[in-house]
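Here the sequence shown is numbered in the numbering used here, starting from 66 and rising by one per residue.
All residues carry an ideal CB built from backbone N, CA and C; glycine is no exception.
A quick write-up on the structure given underneath.
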Amino acid sequence: MPGTSGVRGWRDACHAHPALPVRPMVRSIRNTLIFGGLGALIVLLAVALAASTGLRRANQVLARSGYSQDQLALAMGLEAGVNTYVARAAMGIPMRARLEEREKIEALLLRYDASIRAERALLTTTGDAVDDADEELATVSELGRLFRAIRRDADTGVATERASLSADLDRFQSLVRRTVAQERAEVTETVGRFDQARRVIRAMAIALPIFTAFVGALGLGLLLARLRRPIARLQSAMAAVSKGHAEPVGDLGFAEFQALAVGFDRMADEIAAQRAALSNVNARLEHDVAARTAELEARNAQLAEIEATRRAFFAQISHELRTPITALQCEAEVALRGRSGDAAMLREALEQIMAQGGVIRRRLADLLAISQAEDGRLVMAQASFDLGQALRESMALADPFARASGSRVEARIDDGECIVRGDAGWMQQALIALLDNAIKFSADAAIRVDLARAAGKAELTIVDNGPGVAEGALERLFERFHQEPAGRARGGSGLGLSVARSVVDHHGGSIAASNRDGGGLRISITLPLAS
66 MPGTSGVRGW RDACHAHPAL PVRPMVRSIR NTLIFGGLGA LIVLLAVALA
116 ASTGLRRANQ VLARSGYSQD QLALAMGLEA GVNTYVARAA MGIPMRARLE
166 EREKIEALLL RYDASIRAER ALLTTTGDAV DDADEELATV SELGRLFRAI
216 RRDADTGVAT ERASLSADLD RFQSLVRRTV AQERAEVTET VGRFDQARRV
266 IRAMAIALPI FTAFVGALGL GLLLARLRRP IARLQSAMAA VSKGHAEPVG
316 DLGFAEFQAL AVGFDRMADE IAAQRAALSN VNARLEHDVA ARTAELEARN
366 AQLAEIEATR RAFFAQISHE LRTPITALQC EAEVALRGRS GDAAMLREAL
416 EQIMAQGGVI RRRLADLLAI SQAEDGRLVM AQASFDLGQA LRESMALADP
466 FARASGSRVE ARIDDGECIV RGDAGWMQQA LIALLDNAIK FSADAAIRVD
516 LARAAGKAEL TIVDNGPGVA EGALERLFER FHQEPAGRAR GGSGLGLSVA
566 RSVVDHHGGS IAASNRDGGG LRISITLPLA S
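What follows is the structure, given as structure tokens:
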């Protein structure tokens, strides 16, 4: 094959230098994909961590902004509430009327304290923000103390307490103003931090997908660039092999492609060898086909000649035997009608002549039936008939031969009809052939015939008292022209049992032969009863 020597030479060179450098594992596609996937996973984890951290900080800033705004509103409410409380006390409004205002101020102080503590829970244990929260808690505590002092001085209404009330009120308002200023600054700071976190998150949301897509496209492009060359080499090599020109693939880079290249080169060598072997096989096959064709033509010609000879033989023997048999029967009939001589002796001789003539005529009928079957099969009608009646008529026709042979037929037939479907004439001829065969071997003994019905079938048995058949010859007993040595000694054509089997087969039944204990042959026939 063209190109085969090149591939084999390259393979021999590879085997001659076994110490070729082994590719590191990183050159395999699997490892490349694993490392690329690990890198992408690390990048995604870093992105997720950064995004989570940014979102957590943004949420913290947003929460602190909410607390700061709440605290600013509470501080301003405290200032307004205390001023209102003091003014209403100066106006001489009774204490009961000022009770609701005092409860509102105390509730504002409690909410202020709770808001600062909630904000502090968001912060770490150290840092300026924690210190500011602790300072605010101290301020709230001081505001509460000052409010209680202001309330006490305002509720007494004593002139000596007015100086103390004025001093406490000034200090309370100073603390409130300072707290309001701090809360406003804190609100401004948290809003700025939230805006900064929002800008960072927005930038990450835009940049990270772009970065991830760029890195993935870059990695995929590099991988495809490294895969394109070995794939192109393999395609070229496969095209060459399909055209009958094998060529070595060579080094393909990746470990998986390298293993594929070694297998491909080995496959190319095997294909080349198989093509050469196939060419030789085709040449031998063409030679054998030509020889067998000539042999079959010769055999067909021989078979045609044999078939023509067989047909000519059957026609000739039928023609040659029909005339003397007819003359023999005519002479017997004339002798039977004569009056001279010993009548008893003459009658016995003539009966034997007629019996032998009947046997010869039935054998001729067998020969004619086989010779007239164009494809070796008998043509039969399909009609219902009584098998018992056909058996009785067959026994009547065989009776002269039986009496001439010194034997007798003993029949046991079930009462009633035994209806089967088929050809009554052919069935009668088959039964006569079986009876003649039994009479021929039974000499002066009795032949037993049984016909019974069982399980939807007709069972017919014919038993003779002859020598039987060798066990190894039972299977061949129904073959055409087959005769055992005892049969040839007693005469016959070897066609009777063959005709009987063909008839039984055409009726959908079965026929078998077996040796009887004590001597003799048993023929068993089973036929399906008509529904």
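In chain order, A219 place their CB closer than 8 angstroms to the CB of A155, counting only its own chain and leaving out the 5 sequence neighbours on each side. Contact between S472 and A510 holds: their C-beta atoms lie close to 6 angstroms from each other, under 8 angstroms. Per the coordinates, the alpha-carbon of E184 lies some 6 angstroms from the alpha-carbon of R129.
Non-local beta-carbon contacts of Y132 in its own chain, meaning distances under 6 angstroms to residues more than five positions away in sequence, involve S180 and E184 in chain order.
The shortest C-alpha to C-alpha distance from Q447 to any of R486, A463 and L411 is the one to R486.
Put simply, of T97, A152 and A246 the residue whose alpha carbon is nearest the alpha carbon of L137 is A246. Judged by their CB atoms, M269 and A116 are nearer to each other than the 9 angstroms cut-off.
Secondary structure note for E458: its alpha helix (DSSP H) is the uninterrupted segment L452 to S470. Bounds of any alpha helix (DSSP H) do not take in D480, whose DSSP letter is neither H nor E.
Between L592 and L525, the gap from beta carbon to beta carbon is short of 9 angstroms. Two segments are said to touch when three or more pairs of C-beta atoms, one from each, lie closer than 8 angstroms; by this definition the stretch 526-541 touches the stretch 488-503. If you check the CB distance, V474 and I512 come in under 9 angstroms. The closest CA to that of G257, considering only A538, R545 and Q125, is found on Q125. Under the 10 Å beta carbon count, Q493 is surrounded by 16 or more other beta carbons and is classified as buried.
In this structure, L516 keeps its C-beta atom at 9 angstroms or more from the C-beta atom of A578. Relative to R122, the option among L230, D233, T255 and R243 whose CA is nearest is T255. Under the DSSP assignment, I158 falls outside any beta strand (DSSP E); it carries neither an H nor an E label. In this model, L103 and V280 are separated by some 13 angstroms (Cα to Cα).
In this structure H352 is exposed. Its beta-carbon is surrounded by fewer than 16 other beta-carbon atoms within 10 angstroms.
In this structure, R263 lies away from R216, with their beta-carbon atoms at least 9 angstroms apart.
Under the 8 angstroms Cβ criterion, the stretch 147-162 does not count as touching the stretch 284-300, having fewer than three qualifying pairs. Contact annotation: T253 and E201 have beta-carbon atoms that are not nearer than 9 angstroms. Note: K505 is not bridge-paired with any residue in the DSSP secondary-structure output. Assigned with DSSP and collapsed to three states, K169 falls in helix. Residues of the same chain with a CB within less than 6 angstroms of the CB of E482, apart from the 5 flanking positions on each side, are D451 in chain order.
Its chain contains M445 and A446 as the residues whose beta carbon lies nearer than 7 angstroms to that of D488, once the 5 sequence neighbours on both sides are disregarded; these appear in chain order. Here DSSP, grouped into helix, strand and coil, assigns S449 to strand.
Only residues of its own chain outside the window of five on either side were considered, and among them S449, F450, D451, L452, L594 and A595 have a CB closer than 8 angstroms to the CB of I484, listed in chain order. When the Cα atoms are used, T277 and L106 turn out to be separated by approximately 11 angstroms. The three-state reading of DSSP puts E184 in helix, counting H, G and I together. By alpha-carbon distance to G561, the top candidate from G584, G521 and R426 is R426. Excluding five sequence positions before and after F237, the CB atoms of its chain that fall closer than 7 angstroms to its own CB belong to V147, L208, L211, F212 and I215, given in chain order. Excluding sequence positions up to five before and after L456, its CB lies within less than 8 angstroms of the CB of A476, I478, L496, V514, L516 and L525, all in the same chain and listed in chain order. For V564, the three-state secondary structure derived from DSSP is helix. Taking the Cβ atoms as the reference, L139 lies roughly 11 angstroms from I170, outside the contact range of under 8 angstroms.
Taking a C-beta distance under 9 angstroms as the contact criterion, S575 and I590 qualify as a contact pair.
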